[in-house]
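Below you'll find the structure, written out as structure tokens, and then a few comments.
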Amino acid sequence: MKLFARLKDGLSKTRNQISEIVEHDTKITEEFYESLEDALIAADVGADITMEILDKLRSEVELEGITGCAEAYETLKHLLSLDMAIQKEPDEFPPKPWTTLVIGVNGVGKTTTIGKLAHEYRQRGSRVLLSAADTFRAGAIEQLQLWAERAECEIITQGEGADAASVVYDSMEAAKKRGADVMLIDTAGRLHNKGELMKELGKIVRVLKKSNPWTPNEVFLVVDATTGQNAIKQAEVFNELIEITGFIITKLDGTSKGGIALSLTRTFNIPVKKIGVGEGLHDLQDFDPKSYIDAMFG
Ligand code: GDP
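Under UniProt numbering, the first residue of the sequence shown carries the number 1, and numbering increases by one thereafter.
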């Protein structure tokens, strides 16, 4: 199945619920807004943000003199895609290696996403090096090693329990020596111990900055769409610890909670960069607000 079809399939519940509302292009009533509210909340947009969005829609409907549900619905989709289209200036002179720190709690799909990202860069002809700095979770290093084989890229590891910043130091040295274009760093998601996590991330960033003042170039927070509003809580915690440059939302192939993309971008004003729609090497796609809204709302 094509990736977009998989996303569409995952988000079909929201789409079906809403298409029933607008099927008959009747005049806009209070009931119409209530049905939209139910659908957005069921999709995990979050109550406050749903209210904000609907208030915006009401103003737009009034301003434009819109009377039918179908047109109001198209307006809603337009407003939502504008909302999610956050552009951040790209680095003008990307230093080598382009360094991406991947963070997030255990089980959200960090390691899998790194494998997929590595594959994507490899397809573009880049030399990729993975840094196995999740030295905390049992099996994390071996799992990343498997992904390195699948994506045909290099990997730097130390043993389980090793100092994460020391792995990153080794990786940076190796990346520079071998002329890697891209370095992707896996990290431990020990959210239950915020102090340790902060110390570890801080140390990793210091090691990176010593070798290149522009690094890390990206800090991706990976969140699992199926955890719904919990993803917001995780983002709050990580956002306090480190400057996140983009979100990656995984498991969108098996959830009706696609509204999390809206919640995240509106709450933090940080863009969603990629979405995961499966467990395989190819199952990562660029986040495009318009296609996303289409998949969600039809
Ligand atoms: P980590 O602990 O954050 O490194 O998470 P893992 O990469 O080990 O992933 C946890 C589980 O989620 C694994 O079984 C993955 O195969 C699965 N997974 C990751 N991304 C996706 C996705 O986009 N869709 C689906 N369906 N499963 C995913």
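Ideal Cβ placement from N, Cα and C applies to all residues, glycine included. From a predicted model like this one, the values you see are computed outputs, not experimental measurements.
Check whether residue i and residue j have beta carbons under 8 Å apart
i	j	result
Ile242	Asp186	no
Thr267	Ile244	no
Leu80	Ile249	no
Ala151	Ala175	no
Thr14	Phe220	no
Leu208	Thr99	yes
Ala188	Glu173	no
Gly228	Ile270	no
Asp288	Lys274	no
Leu130	Leu144	yes
Ala72	Ile28	yes
Ala133	Ala164	yes
Gly109	Lys203	no
Ala140	Thr112	no
Lys116	Asp253	no
Gln123	Leu191	no
Leu76	Leu57	yes
Val272	Phe238	no
Phe4	Ser291	yes
Residue i (DSSP reduced to helix, strand or coil)
i	result
Thr227	helix
Leu82	helix
Ile144	Residue identity differs from the one stated: residue 144 is Leu in this sequence, not Ile. DSSP places Leu144 in helix when its eight states are reduced to three.
Phe136	coil
Phe287	coil
Val277	coil
Lys251	coil
Val272	strand
Gly10	helix
Integer-rounded CB distance, given that residue j should sit under 8 Å from residue i
i	j	result
Ile156	Val167	7 Å
Gly46	Ser263	4 Å
Pro135	Gly161	Contrary to the premise, residue 135 reads as Thr rather than Pro in this sequence. Indeed they touch by this definition, with Cβ atoms about 6 Å apart.
Gly10	Val277	7 Å
Ile21	Leu40	Rounded, the Cβ-Cβ distance is 11 Å, inconsistent with contact.
Thr265	Met51	Actually they do not touch by this definition, with Cβ atoms about 17 Å apart.
Pro97	Met183	4 Å
Asp7	Tyr33	In the sequence as displayed, the identity of residue 7 is Leu instead of Asp. At roughly 27 Å, the Cβ-Cβ gap does not stay under 8 Å, so Leu7 and Tyr33 are not in contact.
Val102	Val205	About 13 Å; that fails the 8 Å criterion.
With 16 other Cβ atoms within 10 Å as the buried cut-off, status of residue i
i	result
Asn217	buried
Glu236	exposed
Trp147	buried
Glu142	exposed
Ser59	exposed
Pro95	exposed
Glu120	buried
Asp44	buried
Thr67	exposed
Asp224	buried
Gly258	buried
Ala295	buried
Residue i beta carbon near the ligand MN (any heavy atom closer than 7 Å)
i	result
Asp286	With respect to the ligand MN, the structure shown offers nothing to examine, as its ligands consist of the ligand GDP.
Cutoff 8 Å: residue i Cβ touching any chain C Cβ
i	result
Glu31	Looking at the structure shown, chain C is missing, and only one protein chain is on hand.
Which ranges would you report for the alpha helix (DSSP H) in the segment 85 to 131 if only whole runs of at least 4 residues count? 110 to 123
Counting only runs that start and end within the segment 153 to 239, where is the alpha helix (DSSP H) found for 4 or more residues in a row? 164 to 178 and 194 to 211
Of all the beta strand (DSSP E) runs that stay within the bounds of the segment 26 to 88, which reach a length of 3 or more residues? none
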